[in-house]
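Some notes on the structure that comes next.
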Amino acid sequence: MRADMTASPVLRHRATGTCLAAGGRQVAVITGAGLGLGRALSVELTRRGVHVAGIGRDPCHLAQTGDLCVPGQFTALRGDVSQPGPMRELAAQVEAQVGPVSIVVNNAAIYRRQDFLGAVAEEVVDHVMVNTCGPINVTAAFMPGMLDRGRGRIINVSSFAGGNPLPGSLGYTVSKAGARVFSQALTVELARRMPHITVTEWIPGIMATRTGRPSGIPPETVAAWGATLALDDSPDLHGAIFLCDAEMLPPRSLRRRVKDALLLKPSRRPRILAPAMAPAPALADPRTGDPE
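The UniProt record's numbering numbers the first residue of the sequence shown as 1 and each following residue consecutively.
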């Protein structure tokens, strides 16, 4: 499917925020921008002065997102993240017509309940094509521009399902495991050669969206955390993992803990994106990302 790009009329909303790039127009690409978290992130980032190029498969959903964003700050992009060729074409259009992309948020995902005994292989493959290959295709399409400019920010929206399989969710579990490994591999690939391209994995938590729960966190609250994370390209965030609004620190070995205690070395505290509200890890949803 060929990617189509249209600008959407929108309502104005006052915004504040600090952009990652110094000078010029800041451009962020968000996949799955037509619904849920992708929509909320688009609205929040435009309020903070960022121009959002929102990718989705449903032009009506994208238009509805645009209606909620700051006027002139949202460009609707009809595209399928599972298709590498159209993604490269779309990236070239965005760079030429919207501006240099400094932020990519890999958010699009599909979730369909299925178990291996009852599912057909094609259903599992569909999950892999969108949830695993999608972030690879989108990142590969926009990476050349970041490499040319020597900096960039990549947020991979992740899920605990990648490490803790869900019964009846074979395709989602397998595909999200692949996406998590891709994020880790990308972190290692860029660490030495391109230290100014920062990659972070983010597990947003259970949201009050159609794939979440009515009692979940409002997507607007989650989007405020995500926008703060996306606009911070500090090198020490490279390879970090965030759950909701708090950093997940890697476990320390017993030897390290004993050594730190003997040296009276204080433990590093996790970074918090929004100190006013810090949900417990129990709120983490195994299903994250917006359906396409």
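Virtual Cβ for every residue (Gly too), placed ideally from N, Cα, C.
The alpha helix (DSSP H) spanning residue i covers which residue range?
i: Ser175; result: 170 to 193
i: Asn137; result: 133 to 149
i: Thr209; result: It is not in any alpha helix (DSSP H) - Thr209 carries neither H nor E in the DSSP assignment.
Could you tell me how far apart the beta carbons of residue i and residue j are, in whole angstroms, since I believe they sit closer than 8 Å?
i: Leu41; j: Ala227; result: 6 Å
i: Val130; j: Trp202; result: Not a contact, Cβ separation roughly 18 Å.
i: residue 304; j: Asp236; result: For the chain, the structure presents residues 1 to 292; residue 304 sits outside this window and is missing.
i: Ile155; j: Val105; result: 5 Å
i: Leu37; j: Met207; result: 6 Å
i: Thr198; j: Arg149; result: That pair is no contact at about 13 Å.
i: Gly56; j: Arg25; result: In fact, because the Cβ distance is near 22 Å, the residues do not count as touching under 8 Å.
i: Val174; j: His127; result: 7 Å
i: Ile30; j: Gly49; result: Not really, about 15 Å apart at Cβ, beyond 8 Å.
i: His238; j: Ala185; result: Not confirmed; about 13 Å, so no contact.
In three-state terms, what does DSSP make of residue i?
i: Gly152; result: strand
i: Leu41; result: helix
i: Ala246; result: strand
i: Ala224; result: helix
i: Phe160; result: helix
i: Ala21; result: With a pLDDT of only 45 at Ala21, under 50, the local geometry of the prediction cannot be trusted, and the value read off the model is given with reservation. Reduced to three states, the DSSP call for Ala21 is coil.
i: His127; result: helix
Just reading off the beta strand (DSSP E) that residue i is part of, what are its end residues?
i: Leu243; result: 241 to 243
i: Ala28; result: 27 to 31
Please report whether the beta-carbon of residue i lies at a distance below 8 Å from any beta-carbon of chain C.
i: Leu190; result: Absent from the structure: chain C. Only one protein chain is present.
Hey, would you say the C-beta of residue i is under 7 Å away from at least one heavy atom of the ligand NAP?
i: Asp233; result: Absence of the ligand NAP is noted for the structure shown, with no ligands found whatsoever.
Please list the segments of the beta strand (DSSP E) lying wholly inside the segment 47 to 120, counting only runs of 3 or more residues, in order along the chain. 51 to 56, 74 to 78, 101 to 106
Stretch-stretch touch, CB-based, cutoff 8 Å, three pairs: the segment 111 to 120 with the segment 132 to 140: no
Tell me whether the segment 217 to 237 and the segment 78 to 98 touch, counting them as touching only if at least three CB pairs, one residue from each stretch, are closer than 8 Å. no
How do the segment 167 to 177 and the segment 100 to 115 stand: do at least 3 beta-carbon pairs fall below 8 Å, yes or no? yes
Inspect the CB distances between the segment 41 to 53 and the segment 63 to 78 and report whether three or more fall short of 8 Å. yes
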